[in-house]
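As structure tokens, the structure follows; a few thoughts come after it.
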Amino acid sequence: MLAVLTAPAIGRRADSTSLSPLTSLTELMDPSLRLPVEQSLAARYSEWVAEALDEIQGCFLITDPDIAGHPIVFASRGFLAMSGYSLEEVLGRNGRIFQGAATDRQSVMEIREAIREERTLQISLLNYRKDGTPHWILFHLFPVFGVEDGRVAHFVAVQVPIPRRSRCLRSLAENRHEGGTGRFLVACRNEFRSDYKLGCNPVVELFVDVDNRGLEAEESRHATEQEKEKACDAANSILSTLAHYSKLTGRVISDKRRSEAGISAINSSLVISLGRIKQSFVLTDIQLPQMPIVYASDEFLNLTGYSRHEVLGRECWFLNGPDTDADVLHQIRQSIQAEHSCTVRLLNYRKDRSSFWNLFHISPVRNASGKIAFYVSVQMDENAKSNEHGLSPHMRQLGVVGAVKVAVRSLSMCAGPSRR
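With full-length UniProt numbering, the residue at position 412 of the sequence shown is 412, and numbering never jumps.
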């Protein structure tokens with residue numbers, strides 16, 4: 001369960017053995033990700049969901065595209081046993097850590113494309129265990145959508161091992177549906193004779209290259225229909241569990257995108273790109289009434305004390321309070337109507353009602369066609385400002401705006417859906 005995170009000592013596995021050279025102290029979870037990763041499942045599902053997921057047989061991971069770096073937030077017991085990693089070595093990490101030199105780049109690109117398009121994908125993939133040995137898996141990826149806003153809440157990656165099969169077994173599978181069993185037996189007998197003459201005794205091969213360090217990566221594997229069905233069955237079990245525990249909190253999930261609240265659902269690839277921008281900012285949708293917030297950075301949540309689900313869908317004025325200057329708010333509204341940028345200093349309030357002077361900058365963000373798609377507003381606590389790389393607060397604000405504009409335009413230029 002997630003509680004395992006705090007149990008083992010840093011630098012040691014849960015079984016008290018030392019970490020391998022593949023996992024140094026610096027490679028463990030980024031401290032800034034610890035709280036978001038721990039709260040990822042609890043924020044949407046009931047507190048018992050991790051225990052229920054632990055009871056599901058099979059190898060699977062759950063990732064959160066809303067957290068910077070799209071990290072793993074849950075790993076099943078079966079996956080840990082298959083990969084050789086401990087839980088604390090996996091949580092907070094990106095799935096790229098399981099790829100290696102022989103992992104097919106085209107397959108990786110297909111996975112990235114499926115994430116960008118927020119769709120299901122089933123593909124054979126060569127991954128690597130912690131000890132460096134390669135192994136083939138059937139990789140079954142599917143998104144989980146929040147019903148209330150249509151956004152991707154999590155991605156689930158089911159992994160079914162594809163065992164190494166002899167040529168005889170592959171021939172049997174191919175001939176079984178063609179009535180060619182007799183031809184298969186002749187071919188298998190000839191293969192055995194050939195191998196025996198060459199000194200390749202099949203019995204001896206059971207004890208040679210047992211971990212298949214060389215053999216695993218040499219030839220691609222194709223999953224059988226049985227393995228594909230196994231992946232789908234596991235996916236259905238996981239989805240049913242998540243759906244049940246999401247109903248207990250009222251934040252219902254589904255494997256289909258459907259928005260009940262009318263909140264714009266931005267593409268998860270845009271969410272991932274925005275997550276790389278390490279500043280406090282929110283994105284609001286000008287297409288909808290009251291310009292609701294459709295993205296909030298982790299730094300914004302830390303600054304204001306709100307959780308993500310408390311922010312998304314709200315109007316951008318909710319930080320204002322009794323002593324916020326009405327003239328400054330009017331200035332911001334005028335700049336939005338004129339489709340111009342605006343920089344002001346105003347008094348805002350955190351969730352605990354403590355106030356802070358906000359160095360606030362808002363700017364329109366246009367898509368590749370030149371139409372305003374969003375407004376980005378950058379917030380900086382005046383008392384916490386620092387000379388980061390010698391830049392003034394305003395220059396840092398402009399840097400955030402520029403990075404957001406690049407992310408939005410890049411995605412809107414790509415093929416496939418960028419906004420739903």
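C-beta atoms are modelled at their ideal positions from N, C-alpha and C, and glycine is treated no differently.
Note that the structure is a prediction, hence the values are computed from the model and not measured.
Run through the segment 96-143 for me and flag every whole alpha helix (DSSP H) of 4 or more residues, listed as ranges in chain order. 105-117
Exposed or buried, residue 134, counting other C-beta atoms within 10 Å across all chains shown (16 or more means buried)? buried
Distance, residue 377 Cα to residue 408 Cα: 15 Å
Residues near residue 433 by beta carbon distance below 8 Å, same chain, minus five either side: With the chain running from 1 to 420 in the structure shown, residue 433 is simply not present.
By the 10 Å Cβ neighbour count, where 16 or more other Cβ atoms means buried, how is residue 222 classified, buried or exposed? exposed
Using the Cα positions of residue 266 and residue 40, report the straight-line distance between them to the nearest angstrom. 19 Å
Among 321, 336 and 283, which one has its Cα closest to the Cα of residue 400? Restricting attention to 321, 336 and 283, the CA atom closest to the CA of residue 400 is found in 283.
Within 8 Å, do at least three Cβ pairs link the segment 116-132 to the segment 33-49? no
Give a yes or no on contact between the segment 294-303 and the segment 80-99, applying the rule of three or more CB pairs nearer than 8 Å. no
For residue 227 and residue 140, I'd like the C-alpha separation in whole angstroms. 11 Å
Is residue 71 helix, strand or coil when you go by DSSP? coil
What does DSSP give as the partner residues of residue 59 in its beta bridges? 159
Three-state class that DSSP yields for residue 79 in the structure shown: helix
N- and C-terminal bounds of the alpha helix (DSSP H) containing residue 301: 298-304 is the extent of the alpha helix (DSSP H) around residue 301.
DSSP bridge partner residues for residue 152 (one or two, in chain order): 145
Which residues does DSSP list as the beta-bridge partners of residue 349? 355
Thinking residue 253 and residue 144 are a contact (beta carbons under 8 Å), I'd like their distance in whole angstroms, please. The pair is a contact, with the Cβ atoms about 5 Å apart (cut-off 8 Å).
Say whether the segment 101-115 touches the segment 311-319, bearing in mind that this needs 3 or more beta-carbon pairs closer than 8 Å, one atom from each stretch. no
Suppose you measure from the CA of residue 115 to the CA of residue 70; what does that come to, to the nearest Å? Our two residues, residue 115 and residue 70, have alpha carbons roughly 10 Å apart in a direct line.
Delimiting residues of the alpha helix (DSSP H) encompassing residue 226: Residues 225-247.
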